[in-house]
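Counted the way my numbering counts, the first sequence spans residues 423 to 1359. Even glycine gets a Cβ: it sits at the ideal position worked out from N, Cα and C.
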Amino acid sequence: MTEAFGKGHHLHLIDGSAFIFRAYHALPPLTRRSDGLPIGAVAGFCNMLWKYIQDGTGPDQPTHAAVIFDHSSKTFRNDIYPLYKANRPPPPEDLRPQFPLTREATRAYNISCIETEGFEADDIIAALSCKARDAGGRVTIISSDKDLMQLVGGGVEMMDPIKGKQIGPDEVFEKFGVKPDRVVDVQALAGDSVDNVPGAPGIGIKTAAQLIQEYGDLESLLERASEIKQPKRRQTLIDHAEQIRISKRLVELDCDTPLDFGLDTLEVREPDPEALLEFLTRMEFRTLTNRVAERFGTAAPVITDAPAAASDAAPAAAELPPIDRSGYVVIRDEASLAEWLAEISEKGIVAIDTETTGLDEMRADLVGVSLCTGPGRAAYLPLGHVGEGISGDLFGGPALAEGQMAAERALAMLKPVLEDEATLKIGQNIKYDCKILARLGIRMASVEDTMLMSYSLNAGSHNHGMDELAELYLGHKCVPIKDLIGSGKSQINFAQVPIDKAAEYAAEDAEVTWRLWHRFRPELSREHVATSYELLERPMINVLAQMEMTGIRVDVGHLQRMSSAFAQKMAALEEEIHALAGGSFNVGSPKQLGEILFDRMGLQGGKQGKTGAYSTSAEVLEDLAAEGHDLPARVLDWRGISKLKSTYTDALPLHVNPETGRVHTSYSIAGAQTGRLASTDPNLQNIPVRTDEGRRIREAFIAGPGMRIVSLDYSQIELRILAHVAQIPALKQAFRDGIDIHAMTASQMFGVPVEGMDPMIRRRAKAINFGVIYGISGFGLARNLRIPRAEAQAFIDTYFERFPEIRAYMDRTIAEAKQDGHVRTLFGRRINTPGINQNGPAAGGAKRAAINAPIQGAAADIIRRAMARMPAAIAHLPVGMLLQVHDELVFEAEEGAVDDLIRIAREVMEGAAEPAIKLDVPLIVDAGQGANWAEAH
DNA sequence: GTACTCACG
DNA sequence: GACGTACGTGAGTACG
């Protein structure tokens, strides 16, 4: 047991945020050589920490130390005064991804890393200082922040890390003209433009100090304000007494800020050379790595400039012993959980996995939590397992199995660690776990996701499910979930799995996740995808979790009425179809329909597909209908209605959550190869819009009482990206001039004026424009436009003649894919193209995919960037972001906030490419609003 | 479980 | 000269 903090001990408190900003501004904008990740502030921060550790020798060295950070969210001071720090600009874009890295750096140096939601670093420093002073110890605050000077005295002093100057009561007096205990009074009067503390107008530090010296303290001054001789000053103090009192509350630091740890846990520890060198190497700090290695007498790891070959990377993971489940622990009591949590806090990193009763995060209940802190070091915390063979308790609910902690208690213990920004939580598809825990009141902070890491590295090569990743990268076969819960009809839920069996499975998942993280993390920078992971993938976790939990309101009655109408229409159509066919058959069976059409009725339209079955696709049926056949025309009608009914009007009401009364889709971040999201359960990205009948389904997506649905979508975003990446002067100019892009294309191709253009000509040009994005082919265009293939090919030839840059872009992209095995978007997203060097027909598909990926992918990147920035931009409005449909964002807003929302969201969306990329064409966002999605679109 | 069809961008 | 083909998704239904 460590000794309690007290007399003879010396606590150093480092103001982490000040370190970061100082490092950021003091250094040029350094980037990591391998991938361009901005890293200057982290480098400066690490150098300062290292210097601090090296200097920490001699009689004045600390026995205890901690680095304290500001938590990113708002603090209680915003409740006192909403404008507090309101005029402070947001941190620079290239600094933001560095914040979590400075926490990692602190842990790598084995120094305690502290931050608390709702409090500023200054408050925590105050509380620790008071506690340490009261315990009889000494405190040195490493900072030059004047706001901390009120703490000086009684064994607490400050140290300016840059000037190397001690700050004691005398220096504080020099600065404020009063002793430390009256500093807050002076600050309350003088105000602070940087923090937007109002103070008293026209009174600065000099006057404030003079007044406080004269009247003793602020309250006496305000009470006796009428005695002040100078009339203007007197009036100011009388008029602004309340504002001054508020200012005092803003600047005053509170010794009673809650701390959930003891001072003794801050005892100074030697860095673990291995962990520290791993971090520094990963950051590619060459000089510092060598210096640290020298100090520990170990060989400095080599930092290469070139990405390591895949074969070089494999042995690192192979060095670990195979996964051994025998050492897994089941946590059944508080003491055991407390030990694990202490270990996690100390390591600052844990792999976590939640087990639940189902796959729907909005309905499933938590059954258990598994944790892993290292190879073979994993535990399972069962919380909701039901007893074997017990049908239920007196109240009809299933009885809990024995040997489990009370869930409420366990969650209360987990909460501070999971919410601690200084402890990294690694998950596989951690959005799922975030949502489950959020419903239990835990907002996880500092999360990483191995699924998204794999997606950044391997999109296009394979999928990113855990079992697949474990086999590919760890050579490990996971226990299939089927082995525990079965499948099909006899499937049970996870709560019914015996705890011991569940523990092995769950803890293994956590260990696999832990191992995958260690495998992928260094690879991200080696493969130059760390930036796309940090800026395009990781931010989606919280943004989407919030959107999914918000959900969208659906008018079930409207859908049910549509379903009934559809059922009647279908029955009538079925009768008609059977009469035309001369007998009854299943209209929904393509096989039966094909036989009726082509065998019995003898229509033309041969076989297709590997199975030899007739194709009865809309394309085929439309051709037959055009020849004058009624039956296929009626079948098309029937199919249209059947689709709307089964997929939408019947299915959507089943997805309404009984607790929220809303529909909560789930977005897969790593589902599509190009960076697009995919929406499932239900898919809200394919709600009909192209036909009037289908569009009525959108009327069922409604706003809450007093609210409106607001929709903003990018206009022609993919063509704009094409104009930029392929550098097509005519296209760029057209977008800059805001003219009709398809008409312009037609005009250029066919030599006709834009004014009074034949709609048919414009339609053809539009089809070609889209075709280009898809990797155009004569066959495809011919089919799309229903024109002869030769004609389509002639169009394409003309198009390439008029816009030769397009061909050059296509050739360039394919060459890049062939050479590198991947293509990249403007924003650095990497999409692998494994099939590109194949021969034969398959190569065509791979080429088209390679051409399309950078365009579709860049559009996906842009809307992701907008989504990542949106929550902060609209935080002050009574609005919520609900849906993303590739180029569209759907919101719900209080009526009075609609205009503000449109203005702000449009600004965020139109500026989303910047500052990373300055596009040569403007991005334009169209907006609409209404009582429902149909009106808003 | 696979094939077909069709809704979206 | 032939091969096949527009890019990216998810879900419902039939059928083996």
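Alpha-carbon spacing of residue i relative to residue j, whole angstroms
| i | j | result |
| --- | --- | --- |
| residue 870 | residue 846 | 7 Å |
| residue 1388 | residue 754 | As shown, the chain starts at 423 and ends at 1359. That puts residue 1388 outside it, with no answer to give. |
| residue 999 | residue 992 | 10 Å |
| residue 1204 | residue 1183 | 14 Å |
| residue 965 | residue 1289 | 7 Å |
| residue 1195 | residue 1178 | 27 Å |
| residue 1200 | residue 1220 | 12 Å |
| residue 1017 | residue 1036 | 8 Å |
| residue 602 | residue 699 | 41 Å |
| residue 654 | residue 630 | 14 Å |
| residue 821 | residue 918 | 11 Å |
| residue 1329 | residue 1134 | 11 Å |
| residue 455 | residue 566 | 33 Å |
| residue 839 | residue 1358 | 42 Å |
| residue 1363 | residue 1083 | In this structure the chain extends from 423 to 1359, so residue 1363 is not present and cannot be described. |
| residue 1346 | residue 1144 | 15 Å |
| residue 507 | residue 542 | 12 Å |
| residue 516 | residue 1339 | 13 Å |
| residue 1127 | residue 1285 | 29 Å |
| residue 646 | residue 568 | 28 Å |
| residue 915 | residue 937 | 27 Å |
| residue 737 | residue 771 | For residue 737, the pLDDT reaches just 41, beneath the cut-off of 50, and the residue's location in the model is therefore unreliable, although a value from the coordinates is still provided. Answer to the nearest angstrom: the Cα atoms are 23 Å apart. |
| residue 842 | residue 628 | 41 Å |
| residue 728 | residue 948 | Its pLDDT being 47, under 50, residue 728 is placed unreliably in this model, and the coordinates cannot settle the point. |
| residue 735 | residue 475 | At residue 735, the pLDDT of 39 sits below 50, so the modelled position is not reliable; the number obtained from the coordinates is stated separately. Cα to Cα, residue 735 sits roughly 33 Å from residue 475. |
| residue 973 | residue 861 | 14 Å |
Minimum C-alpha distance to residue i - residue among the options
| i | options | result |
| --- | --- | --- |
| residue 1240 | 591, 624, 1222, 1266 | 1266 |
| residue 692 | 718, 1007, 861 | 718 |
| residue 844 | 1245, 547, 513, 528 | 528 |
| residue 625 | 656, 1250, 901 | 656 |
| residue 1074 | 661, 940, 1122 | 1122 |
| residue 585 | 806, 857, 470, 968 | 470 |
| residue 1087 | 724, 1104, 441, 936 | 1104 |
| residue 1272 | 1319, 1202, 1198 | 1198 |
| residue 758 | 793, 776, 789 | 793 |
| residue 587 | 564, 1006, 599 | 564 |
Residue i, buried or exposed, once every other Cβ within 10 Å from all chains shown has been counted against 16
| i | result |
| --- | --- |
| residue 733 | With a pLDDT of only 38 at residue 733, under the threshold of 50, the placement of this residue in the model should not be trusted; the figure read from the coordinates follows. Answer is exposed; the Cβ neighbour count stays below 16. |
| residue 740 | Reliability fails at residue 740, whose pLDDT of 49 lies under 50, so the model's placement of it is uncertain and the value that follows must be treated cautiously. Per the 10 Å Cβ criterion, exposed. |
| residue 1154 | buried |
| residue 1261 | exposed |
| residue 458 | exposed |
| residue 1349 | buried |
| residue 648 | exposed |
| residue 1173 | exposed |
| residue 857 | buried |
| residue 1336 | exposed |
| residue 437 | buried |
| residue 596 | exposed |
| residue 1130 | buried |
| residue 1079 | exposed |
What residue ranges within the stretch 498-528 form continuous beta strand (DSSP E) runs of no fewer than 3 residues, ordered along the chain?
-> none
At which residue ranges does the stretch 1023-1093 contain complete alpha helix (DSSP H) runs of 4 or more residues, listed in the order of the chain?
-> 1040-1048, 1052-1065, 1073-1076
Every unbroken beta strand (DSSP E) within the stretch 566-601, with a cutoff of 3 residues, ordered by chain | 578-582, 587-589
Entirely within the stretch 1123-1184 and at least 4 residues each: give me those alpha helix (DSSP H) ranges in chain order.
-> 1139-1147, 1151-1159, 1163-1172
On the three-pair Cβ rule with 8 Å, is the stretch 953-962 touching the stretch 1287-1304?
-> yes
At 4 residues or longer, and completely inside the stretch 692-724: list those alpha helix (DSSP H) runs for me, N to C.
-> 695-705, 708-718
Taking contact to mean at least 3 C-beta pairs separated by less than 8 Å, is the stretch 480-493 in contact with the stretch 539-546?
-> yes
Three or more C-beta pairs below 8 Å linking the stretch 897-906 and the stretch 918-936 | yes
Are the stretch 874-881 and the stretch 971-991 touching by the rule of at least three beta carbon pairs closer than 8 Å?
-> no
For the stretch 1107-1123 and the stretch 1339-1356, state whether three or more C-beta atom pairs, one from each stretch, are separated by less than 8 Å.
-> yes
Cβ pair count under 8 Å reaching 3, the stretch 823-837 against the stretch 776-787 | no
Quick one: complete alpha helix (DSSP H) runs, 4+ long, within the stretch 1273-1334?
-> 1320-1332
Inter-stretch contact (C-beta, 8 Å, three-pair minimum) for the stretch 694-711 and the stretch 656-670 = no
In chain order, which alpha helix (DSSP H) runs of at least 4 residues are fully inside the stretch 962-1004?
-> 978-1003
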